[in-house]
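If you read the sequence shown in numbering that gives the first Met the number 0, its first letter stands for residue 0, the second for the next number, and so on.
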Amino acid sequence: MAKRKRLTPANPAFLEPAPEVKSALGAPMRAAPIADVAREASASAAAEELAQTLAEAREKGRMVIEVPLEAVKLDHLVRDRVAVQDDDTQALKDSLRARGQKTPVELVQIGEGRYGLISGWRRCMALRALQAETGEARFGTVLGLLRQPEDSADAYQSMVEENEIRVGLSYFERARIVAKSVEAGVFETDRDALQALFQSASRPKRSKIGSFIALVRGLEGALRFPEMIGERLGLSLSRALGEDPELAVQIAATLAEEAPENAEVEQEILSRFLAPAPIVPSPKPPEAAEPAAKAEGPKPDPVKPQPIVGGLSLSHEEGRLVLEGRLVDDKLKARLITWLRQNF
Numbered sequence: 000m001a002k003r004k005r006l007t008p009a010n011p012a013f014l015e016p017a018p019e020v021k022s023a024l025g026a027p028m029r030a031a032p033i034a035d036v037a038r039e040a041s042a043s044a045a046a047e048e049l050a051q052t053l054a055e056a057r058e059k060g061r062m063v064i065e066v067p068l069e070a071v072k073l074d075h076l077v078r079d080r081v082a083v084q085d086d087d088t089q090a091l092k093d094s095l096r097a098r099g100q101k102t103p104v105e106l107v108q109i110g111e112g113r114y115g116l117i118s119g120w121r122r123c124m125a126l127r128a129l130q131a132e133t134g135e136a137r138f139g140t141v142l143g144l145l146r147q148p149e150d151s152a153d154a155y156q157s158m159v160e161e162n163e164i165r166v167g168l169s170y171f172e173r174a175r176i177v178a179k180s181v182e183a184g185v186f187e188t189d190r191d192a193l194q195a196l197f198q199s200a201s202r203p204k205r206s207k208i209g210s211f212i213a214l215v216r217g218l219e220g221a222l223r224f225p226e227m228i229g230e231r232l233g234l235s236l237s238r239a240l241g242e243d244p245e246l247a248v249q250i251a252a253t254l255a256e257e258a259p260e261n262a263e264v265e266q267e268i269l270s271r272f273l274a275p276a277p278i279v280p281s282p283k284p285p286e287a288a289e290p291a292a293k294a295e296g297p298k299p300d301p302v303k304p305q306p307i308v309g310g311l312s313l314s315h316e317e318g319r320l321v322l323e324g325r326l327v328d329d330k331l332k333a334r335l336i337t338w339l340r341q342n343f
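Take a look at the structure:
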């Protein structure tokens, strides 16, 4: 008979979790408080340095900022541009619509959240037009560099320099900004303004700009296309205005009456006032009768006019040319005078 084995009851100790094994080194030690203080101080110093660097870059114009277009005062300075061509404006708008603003404008802070425009007038006007046309929010802001001009003269210099480089100004526009800056008290004299605003220009060029100032002050409000007046015509007009102060009133009245629709017609009107006055020969005393014994010689045949174009013929006698025909009128006279002044 097999021997039976006695079983003992289950030991509840086997069901309990194993005892926690503790490291012989004990719990990790907490860092000293001075280390935490040093770490926080270092992080704070780095943040302050970064903030200072960004503020300095912003103030010195090394960082592009984005400002609402409505916060920019476009007429902070008297603009040197008299007119903008429609084709140029449309090309700029197309570029802004397709690729956004690539070149920042120049701004000066004039108050809390307010900026005065130094340069970039065309870009701001194009953005404003696009916002009105499309209503898109992206055209409601402008990218700019913040400048800190030392004075108003420095701001005007920046504006003129950019336009001289980017677009080029007419002589009338150059002279106008000289006159306006003197009127605004930025410069004391025309000479000071010329030297400061166009210091990189040659002396002859500055002299020509200075000559146009008389034209600006005499006819600015009367001219419709002043930026289209060329160098020769402008210098001649300025000289004539200097010789006859009443001439400006006569020209302004004629321009108001005839209301030229384009620059060519306006320049023809201006050229009329440069034509020399007709010379009226003084009456000569009757010549003494020749002795009857002296025979009169044969008279030369009159010069026959030579046709040039339909309605116009030319005859040449000693010391003079004579134009005849239905095309001879004031318009032809003005064109002929302009051509002669430009070529002789």
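Glycine is no exception: its CB is placed at the ideal position from the N, C-alpha and C atoms.
Select from the options the residue whose C-alpha is nearest the C-alpha of residue i.
| i | options | result |
| --- | --- | --- |
| Ala131 | Asp153, Arg146, Lys92 | Lys92 |
| Leu246 | Glu267, Ile228, Leu116, Arg271 | Arg271 |
| Gly220 | Ser235, Arg231, Leu254 | Leu254 |
| Met62 | Glu260, Thr102, Glu69 | Thr102 |
| Arg78 | Ala154, Pro32, Gln108 | Ala154 |
| Lys72 | Glu257, Ile250, Glu230, Ile117 | Ile117 |
| Glu226 | Asp150, Gly167, Ala152, Val104 | Gly167 |
| Lys207 | Glu182, Leu236, Ser180, Gly112 | Leu236 |
| Gln156 | Ala192, Leu129, Ala128 | Ala192 |
| Pro107 | Arg122, Gly134, Val66 | Before going on, a small fix: residue 107 reads as Val here, not Pro. When only C-alpha atoms are compared, the closest one is Val66. |
| Leu331 | Glu47, Tyr114, Arg173, Ile268 | Ile268 |
| Ser151 | Lys179, Ser314, Ala70, Arg334 | Lys179 |
| Ala174 | Leu218, Val264, Pro148 | Leu218 |
| Ala115 | Gln147, Leu129, Gln89, Asp87 | Here residue 115 is Gly; the residue named in the question, Ala, does not match the sequence. Of Gln147, Leu129, Gln89, Asp87, the residue nearest in Cα terms is Gln147. |
| Phe224 | Arg205, Ser169, Phe186 | Ser169 |
| Leu76 | Glu105, Ile336, Glu230 | Glu105 |
| Asp74 | Glu39, Phe186, Met158, Leu129 | Met158 |
| Asp85 | Glu111, Ala70, Ala128, Glu149 | Ala128 |
| Glu69 | Leu234, Met124, Glu47 | Met124 |
With residue i as the anchor, note down where its beta strand (DSSP E) starts and where it stops.
| i | result |
| --- | --- |
| Gly110 | 104-110 |
| Gly345 | Nothing about residue 345 can be read from this structure; the chain reaches only from 0 to 343. |
| Ser312 | 311-316 |
| Leu196 | It is not in any beta strand (DSSP E) - Leu196 instead sits in the alpha helix (DSSP H) that spans 189-196. |
| Gly143 | 140-145 |
| Val327 | Looking at the DSSP string, Val327 is not in any beta strand (DSSP E), and its letter there is neither H nor E. |
How many Å lie between residue i and residue j at the Cα?
| i | j | result |
| --- | --- | --- |
| Arg96 | Glu160 | 27 Å |
| Ile278 | Val177 | With a pLDDT of 48 at Ile278, under the threshold of 50, the predicted position of this residue should be treated as unreliable, though the coordinate-derived value follows. Looking at the two C-alpha atoms, the distance is approximately 39 Å. |
| Glu289 | Gly318 | Low confidence applies to Glu289: its pLDDT is 49, below 50, so where it sits in the model is not reliable enough to give any reading. |
| Ser312 | Arg325 | 10 Å |
| Leu126 | Gly139 | 7 Å |
| Ser94 | Ala195 | 33 Å |
| Leu214 | Phe171 | 8 Å |
| Leu144 | Gly119 | 11 Å |
| Leu142 | Gln266 | 40 Å |
| Arg98 | Arg190 | 42 Å |
| Ala136 | Arg113 | 19 Å |
| Val248 | Thr133 | 45 Å |
| Ser358 | Glu263 | This structure cannot settle anything about residue 358, because the visible part of the chain is limited to 0 through 343. |
| Ala287 | Asp329 | Residue placement at Ala287 is flagged as unreliable, the pLDDT there being 48, under the threshold of 50; the coordinate-derived value follows with that caveat. Ala287 and Asp329: Cα-Cα distance of roughly 40 Å. |
| Leu222 | Glu256 | 12 Å |
| Asp87 | Arg238 | 33 Å |
| Ala294 | Glu316 | Below a pLDDT of 50, predicted positions are generally treated as unreliable, and Ala294, at 48, falls in that range; no measurement from the model is reported. |
| Pro259 | Val327 | 21 Å |
| Gln100 | Ile109 | 23 Å |
| Leu273 | Glu111 | 54 Å |
| Phe197 | Phe211 | 14 Å |
| Arg205 | Glu323 | 43 Å |
Return the first residue and the last residue of the alpha helix (DSSP H) that residue i is part of.
| i | result |
| --- | --- |
| Ser206 | 202-218 |
| Asp177 | The amino acid at residue 177 is misidentified as Asp; the sequence shows Val. Where Val177 is concerned, the enclosing alpha helix (DSSP H) stretches over 170-182. |
| Ser237 | 230-242 |
| Thr253 | 246-257 |
| Val344 | This structure cannot settle anything about residue 344, because the visible part of the chain is limited to 0 through 343. |
| Arg319 | That residue, Arg319, is in no alpha helix (DSSP H); its beta strand (DSSP E) goes 319-323. |
| Thr88 | 85-98 |
Check whether the region 183-203 touches the region 232-246, taking contact to mean three or more Cβ pairs, one atom from each stretch, closer than 8 Å.
no
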